[in-house]
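Student: Take the position in the sequence shown, starting the count at 1, then add 428; the result is the number in my numbering. All C-beta atoms in this analysis are idealised placements derived from N, C-alpha and C, irrespective of residue type, glycine included.
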Amino acid sequence: MKAAPFAGASRALVLGIGGGGDVVGALALGRTLEGAGVAAELGGVAWERFSVDPHHPGPRPLDALLGIERLGTSDGALCSAAGRTPEGVSLAEAGVAAHLGRPTALIDVNGGPRRIAAGVEAAAERLDCDLVVLLDVGGDVFGTGAEPGLASPLCDAVMLAATAFLPDGLRAVGCAFGSGCDGELTHAEVLSQIARLGRDGGWLGTISPSAEVARELVEVAGRVPTEASLMAARAALGEHGRAPIRDGRREVELGPVAALQFLFDPAVAMSGAAPLAALVRDAGSLEEAREAMEAAGIRTELDYERGRFAEANSA
Numbered sequence: 429m430k431a432a433p434f435a436g437a438s439r440a441l442v443l444g445i446g447g448g449g450d451v452v453g454a455l456a457l458g459r460t461l462e463g464a465g466v467a468a469e470l471g472g473v474a475w476e477r478f479s480v481d482p483h484h485p486g487p488r489p490l491d492a493l494l495g496i497e498r499l500g501t502s503d504g505a506l507c508s509a510a511g512r513t514p515e516g517v518s519l520a521e522a523g524v525a526a527h528l529g530r531p532t533a534l535i536d537v538n539g540g541p542r543r544i545a546a547g548v549e550a551a552a553e554r555l556d557c558d559l560v561v562l563l564d565v566g567g568d569v570f571g572t573g574a575e576p577g578l579a580s581p582l583c584d585a586v587m588l589a590a591t592a593f594l595p596d597g598l599r600a601v602g603c604a605f606g607s608g609c610d611g612e613l614t615h616a617e618v619l620s621q622i623a624r625l626g627r628d629g630g631w632l633g634t635i636s637p638s639a640e641v642a643r644e645l646v647e648v649a650g651r652v653p654t655e656a657s658l659m660a661a662r663a664a665l666g667e668h669g670r671a672p673i674r675d676g677r678r679e680v681e682l683g684p685v686a687a688l689q690f691l692f693d694p695a696v697a698m699s700g701a702a703p704l705a706a707l708v709r710d711a712g713s714l715e716e717a718r719e720a721m722e723a724a725g726i727r728t729e730l731d732y733e734r735g736r737f738a739e740a741n742s743a
């Protein structure tokens, strides 16, 4: 499978870009790369879902975390199996580190795309990676803001936007895995944007995890809280039909499409199929990116978590 998107790479840093359990989805592509002769390191974003970490709305700054090694003054770190919040909430990246038996990369998104890029560069340098793959589980990285189900566009957008600031020597590839598996965009909405990528010359190919890799994801999902990555793994194991997630508040359509990993060129995506990444590209912080989305009439996961936190602490 060592085709064009990964040709010439010796080691890839595969980052789950949506926070939470996207790092588990990153494992699927990492294993596929390893099978093709490309070594892989995994990582994600220091942002647990509010249902997992109700003590803090939004992403955690690295200085507030335990069991990690910050990489200089950058917004990148290595996360050990002991990576956790001050309240003792284990990070998803810590669970994957425990599974792998080695640290994972951890990115702080609070500083906006430019600082994110510096953190990604620091992690790639430390882990000796010459390729970065930014993997979104669910496909909402292609959201436009018009989709009725879109609920978490912010983290994906700032992470993808960061690729615009990576150094020339560090190649970046995007990946959308498990279309619709987070219950936000529909298959039709994701596939429409993939088709646009194809017309624009930015669709680089499509792969899917083997049954063996999918079973490994199911195993890891027993340790790391994730519904979307688990749904994608179940789809890769042949499940088909509707499945509830989020305590029944959303439904996912399982089937072959939900098992696919669509590879794409981030720069081409930002010129068309991923407009929200383009919208926040020059934001100086996550808050500025949120404000840009708010001005466009788009509610983000940060707005949701702040509302939940205020409700929980108003009594």
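Is the beta carbon of T404 less than 7 Å from the beta carbon of L470?
Tutor: Residue 404 is absent from the structure shown; the chain starts at 429 and stops at 743.
Student: Compute the distance between the beta-carbons of V646 and A661, then report whether it is under 7 Å.
Tutor: Contact flag set, yes.
Student: Anyone know if the C-beta pair for F692 and G608 falls short of 7 Å?
Tutor: Cβ atoms of F692 and G608: not closer than 7 Å.
Student: In terms of residues, what are the limits of the alpha helix (DSSP H) holding P541?
Tutor: It spans P541 to R554 - the alpha helix (DSSP H) in which P541 sits, taken as one unbroken run.
Student: Within a Cβ cutoff of 8 Å, which residues of the same chain sit near K430, ignoring the five residues on either side of it in sequence?
Tutor: Because the pLDDT at K430 is just 41, under 50, the model does not fix this residue reliably, and the point stays unresolved.
Student: Would you kindly report the start and end of the unbroken alpha helix (DSSP H) that includes A492?
Tutor: Careful: A492 lies outside any alpha helix (DSSP H) and carries neither H nor E.
Student: Go to F744, then tell me how far its beta strand (DSSP E) extends in each direction, as first and last residue.
Tutor: With the chain running from 429 to 743 in the structure shown, residue 744 is simply not present.
Student: Does the distance from the CB of G547 to the CB of I535 come in under 7 Å?
Tutor: Cβ atoms of G547 and I535: closer than 7 Å.
Student: Using the C-alpha atoms, what's the distance from S742 back to M459?
Tutor: Before going further, note that residue 459 is Arg rather than Met in the sequence given. About 45 Å.
Student: Three or more beta-carbon pairs under 8 Å between the segment 642 to 659 and the segment 704 to 717, yes or no?
Tutor: Output reads no: the segment 704 to 717 does not touch the segment 642 to 659.
Student: Kindly indicate which three-state DSSP category S620 falls into: helix, strand or coil?
Tutor: If DSSP states are grouped into helix, strand and coil, S620 belongs with the helices.
Student: Which whole-angstrom value is the C-beta distance of L559 and F434, which I expect to be below 8 Å?
Tutor: Between F434 and L559 the Cβ distance is about 7 Å, and since that is below 8 Å, they are a contact.
Student: What residues in its chain sit with their C-beta under 8 Å from that of A526, if we drop five residues either side in the sequence?
Tutor: Correct list, in chain order: A509 and R651.
Student: Whole-angstrom Cβ separation of G500 and A550, contact assumed at under 8 Å?
Tutor: Correct: roughly 6 Å between the Cβ atoms.
Student: For the beta strand (DSSP E) holding T532, just list the boundary residues, first then last.
Tutor: Segment T532 to I535, the beta strand (DSSP E) holding T532.
Student: Could you round the C-beta distance between L704 and G529 to whole angstroms and report it? I think they count as a contact, below 8 Å.
Tutor: L704 to G529, Cβ: 36 Å. No contact.
Student: Rounded to whole angstroms, what's the CA-CA distance from A577 to H615? Just pull it up for me.
Tutor: Correcting the residue identity first, residue 577 is Gly in this sequence and not Ala. Each residue's alpha carbon lies about 12 Å from the other.
Student: Just verifying my parser: in three-state terms, what is the DSSP assignment at C609?
Tutor: Looking at C609 - three-state DSSP - the assignment turns out to be coil, as it is neither helix nor strand.
Student: Taking 7 Å as the threshold (C-beta atoms), are G611 and V561 in contact?
Tutor: No, the pair does not count as a contact, with Cβ atoms beyond the cut-off.
Student: Using 8 Å as the Cβ pair cut-off and three pairs as the minimum, do the segment 728 to 737 and the segment 492 to 507 touch?
Tutor: Taking 8 Å as the limit for Cβ pairs, the verdict is that the segment 492 to 507 does not touch the segment 728 to 737.
Student: Less than 7 Å separating the beta-carbons of D628 and V569?
Tutor: Taking 7 Å as the Cβ cut-off, D628 and V569 do not qualify as a contacting pair.
Student: In this structure, how does DSSP classify S508 when only helix, strand and coil are distinguished?
Tutor: In this structure, S508 counts as strand in the three-state DSSP scheme.
Student: Need the endpoints of the beta strand (DSSP E) that E681 sits in, please.
Tutor: Here the beta strand (DSSP E) through E681 covers R678 to L682.
Student: Under the three-state reduction of DSSP, which class applies to G602: helix, strand or coil?
Tutor: Correct three-state label for G602: strand.
Student: Indicate whether the contact test is met: 3 or more Cβ pairs, each with one atom in the segment 583 to 593 and one in the segment 438 to 450, closer than 8 Å.
Tutor: The segment 583 to 593, when compared against the segment 438 to 450, does touch it at the 8 Å Cβ threshold.
Student: Can you tell me whether DSSP reads S657 as helix, strand or coil?
Tutor: Helix at S657.
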